[in-house]
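One structure is given here, and the rest of the page talks about it.
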Amino acid sequence: MIISITSVHAQGVTPLEYSEARAMSWLIRISNFDVSPDTLFVNALLQNQTSVFVTITNDGDESFPRLEIGFEGNISPIMQAGFSAFPLERKSAYQTMFLVNATRAGLYTGNITFDTGVIKKHVPAIISVSENERTTANIEILGNVKAGRNLNAKITIDSGFITEVTLSVTYGIQTVTGQKIGENTISARVSGTSTSQLAIPVPNSVGVGDYFFYAIVDFNGRKYIDAQHFEITTILSFETLIITAFLLIILAVVLGSILQKKEKTIAEYAISSKNQKTQ
């Protein structure tokens with residue numbers, strides 16, 4: 016659907032209404048601007064340059080004169096876009112390259128921003144920079160994550176050794192801005208490949224938004240890092256919803272009772288007034 020500005024203007028609308036109609040037409044036309052993937056994961060090795068690609072699609076009927084790419088969070092020092100700004104033509108798709116080059120091992124989180132001046136989109140990005148090529152790990156979040164509950168995950172570690180070795184595993188939750196929300200460290204004795212369960216409580220105080228669960232496997236001071244994105248979409252528990260519904264029912268009953276009494280009073284007053292007139 017595209018609003019016809021000419022026909023609206025011809026009907027004698029004000030200049031303000033005309034401008035609002037043009038703005039609405041623009042917003043409708045550009046509504047298909049999209050970025051893929053919607054979350055970016057990068058596993059990189061220390062001091063090795065890594066490249067990843069993002070596809071930007073404009074299925075709308077209007078072109079963007081300028082699309083600017085930016086970074087938020089601690090991914091900014093280690094990540095750069097092949098092109099930081101370019102026009103985004105109508106009915107087109109662009110594949111943009113991003114380069115990652117870190118001088119320190121660690122977990123880097125943030126947002127990649129795509130800003131046309133009219134619409135700004137955020138793509139959560141997580142970059143794990145490891146310095147251990149032999150020992151690897153993979154984590155998987157089990158089930159949905161909710162505030163006030165445990166986050167349960169599975170971790171699979173490949174030690175890279177046939178004989179048993181001792182590793183330390185540090186795991187926790189981190190926000191997009193890099194703030195840590197709880198962290199635990201355990202020791203594990205592993206020979207070959209081993210899978211185990213991890214759990215960490217998610218505080219009731221966390222807000223709606225994007226988060227990352229991470230695990231850092233350390234063997235003799237050399238680290239391998241893996242992480243997975245998750246989202247908190249609501250902070251209301253089932254118990255809270257039940258209590259809220261119960262309170263709303265009580266409120267509805269009380270209001271209904273008040274309205275009935277008011278209607279009864281009005282009816283009695285009307286009858287009394289009628290009787291006085293007939294006397």
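In this note's numbering, the protein residues as written are 16 to 294.
Where a beta carbon is used, it is the ideal one built from N, C-alpha and C, also for glycine.
Residue j beta carbon less than 7 Å from that of residue i
i           : j           : result
residue 151 : residue 239 : yes
residue 163 : residue 219 : yes
residue 215 : residue 166 : yes
residue 112 : residue 132 : no
residue 237 : residue 147 : yes
residue 69  : residue 57  : no
Straight-line Cα distance separating residue j from residue i
i           : j           : result
residue 194 : residue 233 : 21 Å
residue 186 : residue 122 : 11 Å
residue 55  : residue 126 : 9 Å
residue 104 : residue 173 : 46 Å
residue 71  : residue 90  : 20 Å
residue 60  : residue 115 : 10 Å
residue 230 : residue 154 : 7 Å
residue 274 : residue 87  : 54 Å
residue 48  : residue 260 : 39 Å
residue 170 : residue 223 : 26 Å
residue 262 : residue 276 : 21 Å
residue 144 : residue 99  : 23 Å
residue 212 : residue 156 : 10 Å
residue 120 : residue 142 : 10 Å
residue 40  : residue 77  : Its pLDDT being 44, under 50, residue 40 is placed unreliably by the model, and the measurement read from it follows with that caveat. Approximately 10 Å, taken between the alpha carbons.
residue 118 : residue 102 : 33 Å
residue 140 : residue 197 : 20 Å
residue 228 : residue 93  : 20 Å
residue 38  : residue 128 : Residue placement at residue 38 is poorly supported in this model, since its pLDDT is 45, which falls under 50; the coordinates still yield a value, given next. Computed Cα separation, rounded: 23 Å.
residue 265 : residue 258 : 11 Å
residue 269 : residue 199 : 50 Å
residue 243 : residue 267 : 44 Å
Simplified DSSP assignment, three categories, for residue i
i           : result
residue 269 : helix
residue 264 : helix
residue 62  : coil
residue 106 : coil
residue 257 : helix
residue 194 : coil
residue 161 : coil
Closest Cα partner of residue i within the set the options
i           : options               : result
residue 206 : 155, 149, 197 and 224 : 149
residue 84  : 135, 160 and 93       : 135
residue 168 : 133, 48 and 241       : 241
residue 161 : 217, 276 and 99       : 217
residue 176 : 190, 191 and 208      : 208
residue 245 : 81, 68, 118 and 191   : 191
residue 64  : 235, 95 and 79        : 95
residue 204 : 211, 189, 221 and 179 : 179
residue 106 : 128, 79, 129 and 99   : 79
residue 221 : 235, 189 and 210      : 189
residue 74  : 99, 109 and 68        : 109
residue 248 : 53, 268, 226 and 118  : 226
residue 50  : 93, 202 and 130       : 130
residue 138 : 53, 93 and 184        : 53
residue 210 : 235, 270, 228 and 184 : 184
residue 235 : 267, 266, 243 and 202 : 202
- Which runs of the beta strand (DSSP E), 3 residues or longer, sit entirely within the stretch 72-146? 79-88, 94-96, 100-103, 107-115, 121-130 and 135-145
- Message: Quick check for students: name the residue ranges of the beta strand (DSSP E) that lie wholly in the stretch 201-235, counting only runs of 3 or more.
- Response: 208-216 and 224-234
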